[in-house]
Each structure stands twice: as C-alpha cells, then as structure tokens.
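Residue numbers (this note's numbering): 4 to 301.
First the structure, in the form of structure tokens, and then the observations on it.
Here you go:
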C-alpha cells in the first residue's frame, strides 16, 4: 500500500507541475482560434511538455523514490566487514569507470537482485538485495556491482529517459491527431471536442503506448548486454558469467517494482510475443554473448 500511495502521489504531483508549466508557456488549448482545427504547434509543445516532463521528473526523483519504495539502507558508516567491502568495491569500480562515487545501499528482499538509478553519472545509487548477498559468493557480487556501475557509467538512466520522452511525445501527439480526425469525420463535431475525441484519444494512446513500449524495451535489452560487458571489464568475464549463471538458477519472478525493474540485474521471463516487452534479454543469451566476447580481465 505504501508503494501504491507513493506512486499515485508522485504521478499527481507530476501532472500538477506540468499543468502549471503549460499555463506559464501559454499553451492551454490545442485548438486554433476558431475552435475547429488543431493548432499543431501548440499540440506539439503540449505533447513534449508532458512526454519529456514526466520522464525527466521521474528520473530526477528516481533515487528518492527507490530509497523509499525499496527501503534501502544507505551505507554511510559501514556496520560490518560486508558493508565495508561493498563500499570499497564500488569505489574502486567507479574510479575505474571514471564516474563519481555512487551512494551504496542494501535493501531487504529474498529476491536476488540489484539496481542502479540516479539522474547523472555523478549522482547515482547502487543497491543490492540481501537475497543476492546470501546466494552469491564475493566474486559474483563483485561482477553484479560492476554491471550496475557500468549502467551508471554508460548513462543508461538518462538515455532511457530521453528515449521514453521522445516516445511519449509522439504517442500523445499522434493520439490527439487521431482523436481530432475521428471527432470531425465520424462524429461530425464541427467545433470544440466532444466525447468522441476523448474516447478515441484514450484508446489510441493505449494502443500506441503498447506499440511504443516495444521500442523502449528493445533499447533496454541492448543496454543490458553493454552493462554485462562493462561488468566483465571491471570484475572479470568469468565472474560475470558465474553471476549470470547463478541468477539463471533462480526460478521465482523478480519482486522489483515496475519503475525499478528495468534497472535491476535480473528481469522477468517471457515466451513468444511477451519477449518483445521484456526489459532484459534471456539470461541464456546474455551468458552466450559474454562467452563469445574476449576476456578483458582474468
């Protein structure tokens, strides 16, 4: 319930902020002065503000949300040798990757997983679950940390936000163009927008968003291959392969919230068309890709 409340409150706050932004920009309506045709310039601004605004506000508060939804304990003063090792490992890998030291945390979950999030390479969070620490040996955890540090070094969070913003903009824009066309041609509404516009727009947005998510998830899968390669460079290829094989032995679905699942080391599982909507490639493919790559570190 806490996660749901945070999600709803955050989205409501985003809508309020973006609505105020549109009003300040003077974009309060998408129809022209006669109320009959679309003002495409205003519609594009409207779509871009909501498309990019929502995506980047979510990115800006991603660390804050992650800490609260996952109840991450941030390691500031190590309480034991394990936390000391985590800090030292991430610090060493961050230095190798040429990024600022991320915050390091642990969250209580039996699901063996880890994630990285944050709005820039020098303002990030890397967190691992207690389940991952219990299931994996030190070499495998080192590889997982390298994978997450590589996500940060590659700028994956920002790039995904940009792609999501572009996709959102086109979905919002095209859905309203379709809604306007149906309202005028099918429902013969000559001025303003009637129920036909709103119903058609909602349906079009749902369909277009589903199709657009295929593009976003394709990129997400490609970045996992790059992060695996980065983990292999930072920790060693065999360690990275061993970590992925350890994850493959886990059969229960991931318990990460949707907004963080794409940033975890382990994604869901799917067959057939469902594979198009997966944020992570199958672990078998990731392992094969690493085995086919040169060993950059022993």
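Don't be surprised by glycine CBs; every beta carbon is placed ideally from N, CA and C.
Inter-residue spacing [alpha-carbon to alpha-carbon] between residue i and residue j
i	j	result
residue 213	residue 95	40 Å
residue 70	residue 97	20 Å
residue 289	residue 232	9 Å
residue 301	residue 286	Any reading at residue 301 must be qualified, since the residue scores a pLDDT of 46, below 50, and its modelled position is unreliable; the value itself is stated next. Roughly 22 Å separates the two Cα atoms.
residue 53	residue 27	14 Å
residue 161	residue 193	42 Å
residue 66	residue 210	30 Å
residue 114	residue 74	14 Å
residue 2	residue 148	For the chain, the structure presents residues 4 to 301; residue 2 sits outside this window and is missing.
residue 244	residue 172	38 Å
residue 237	residue 215	33 Å
residue 276	residue 270	16 Å
Residue i and residue j closer than 8 Å at C-beta
i	j	result
residue 83	residue 102	no
residue 116	residue 132	yes
residue 92	residue 137	no
residue 164	residue 181	no
residue 189	residue 199	yes
residue 76	residue 109	yes
residue 226	residue 284	no
residue 260	residue 72	yes
DSSP bridge partner residues for residue i (one or two, in chain order)
i	result
residue 76	109
residue 118	130 and 267
residue 123	126
Alpha helix (DSSP H) segment containing residue i, residue limits
i	result
residue 102	Unbroken run through residue 102: none, as it is neither H nor E.
residue 296	No alpha helix (DSSP H) holds residue 296; DSSP gives it neither H nor E.
residue 37	Careful: residue 37 lies outside any alpha helix (DSSP H) and carries neither H nor E.
residue 200	198-238
residue 143	141-156
residue 171	159-188
Spatially closest choice to residue i from the options, by CA coordinates
i	options	result
residue 249	141, 108 and 59	141
residue 242	178, 35, 220 and 150	150
residue 40	284, 251, 297 and 185	185
residue 205	190, 176 and 34	176
residue 267	106, 135 and 278	135
residue 218	119, 139, 50 and 281	281
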